[in-house]
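Residue numbering for the sequence shown is 77 to 228, as defined by my numbering. A short worksheet on the structure shown next.
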Amino acid sequence: MLTLQVARIDEAPGTTLAQALLDELVVRYGAEDEHDGLHPDQLAPPSGTFIVAWLDDDAVGCGGLRRIDDSTGEIKRMFVAEAARRRGVAQAVLAELETTARAVGYQRLILETGTAQPEAIALYEADGYESIEPYGVYKSSPLSRCYAKNLR
77 MLTLQVARID EAPGTTLAQA LLDELVVRYG AEDEHDGLHP DQLAPPSGTF IVAWLDDDAV
137 GCGGLRRIDD STGEIKRMFV AEAARRRGVA QAVLAELETT ARAVGYQRLI LETGTAQPEA
197 IALYEADGYE SIEPYGVYKS SPLSRCYAKN LR
């Protein structure tokens, strides 16, 4: 059974899932992910959150939300363990992050993913995210794909 739980990225199982994401990015891109200056407190209430997805007793996925400005939030650290993919985990985490974003008062969400992550691109596009120009630290990265969604 799939359950979602608010957690911290700097405490287990958040640390384990975040490290698994970074390890996978090294495999896909051949180098460590550029540090984006993310501080764990940015993925915590009142303006953010970090969600852990559980299948039975196993932590299998995660995703975070952080504040960009009063009307915009950013999706961060979306990840689902390989063994749990194609089971609705990512969709559930993304839906929960969008619900939290609306509750906080964000009107728009932005995110970055990479060209070597076709599953993520498909997820976001299927959920109504539209391609935007790269922003922030991603402006000069040819491997970045950035998206936005207006929340209603």
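C-beta: ideal position from N, C-alpha, C; glycine also.
Rounded Cβ spacing between residue i and residue j (contact assumed at less than 8 Å)
{"i": "Leu-173", "j": "Lys-225", "result": "Not quite, the Cβ-Cβ distance comes to about 11 Å (not below 8 Å), so this is no contact."}
{"i": "Leu-141", "j": "Thr-125", "result": "5 Å"}
{"i": "Tyr-105", "j": "Gly-149", "result": "So it is not a contact: roughly 25 Å between Cβ atoms."}
{"i": "Leu-221", "j": "Thr-191", "result": "This sequence places Arg at residue 221; Leu is not what is there. Right, their Cβ atoms sit about 6 Å apart."}
{"i": "Leu-80", "j": "Ala-168", "result": "6 Å"}
Top-ranked residue by Cα proximity to residue i, from the options
{"i": "Gly-170", "options": "Val-180, Asp-146, Phe-155", "result": "Note that residue 170 corresponds to Leu in the displayed sequence, not to Gly. That would be Phe-155, whose Cα lies nearest to the Cα of Leu-170."}
{"i": "Val-128", "options": "Ala-202, Arg-163, Ala-94", "result": "Ala-94"}
{"i": "Met-77", "options": "Thr-91, Glu-108, Asp-132", "result": "Asp-132"}
{"i": "Asp-145", "options": "Leu-80, Ala-166, Ala-177", "result": "Ala-177"}
{"i": "Ile-151", "options": "Leu-119, Thr-92, Leu-98", "result": "Leu-119"}
{"i": "Arg-163", "options": "Ser-147, Arg-143, Leu-199", "result": "Leu-199"}
{"i": "Leu-227", "options": "Gln-81, Val-180, Leu-98", "result": "Val-180"}
{"i": "Glu-206", "options": "Ile-197, Val-213, Gly-212, Tyr-214", "result": "Ile-197"}
{"i": "Ala-160", "options": "Leu-97, Lys-215, Gly-137", "result": "Gly-137"}
{"i": "Tyr-223", "options": "Val-102, Glu-188, Asp-117, Thr-79", "result": "Glu-188"}
{"i": "Pro-116", "options": "Ser-217, Arg-84, Ile-208", "result": "Arg-84"}
{"i": "Glu-100", "options": "Ser-147, Gln-193, Arg-143", "result": "Gln-193"}
Which residues DSSP lists as bridging residue i, in chain order
{"i": "Lys-225", "result": "Leu-185"}
{"i": "Leu-131", "result": "Leu-78, Asp-134"}
{"i": "Glu-206", "result": "Ala-224"}
{"i": "Lys-152", "result": "Gly-140"}
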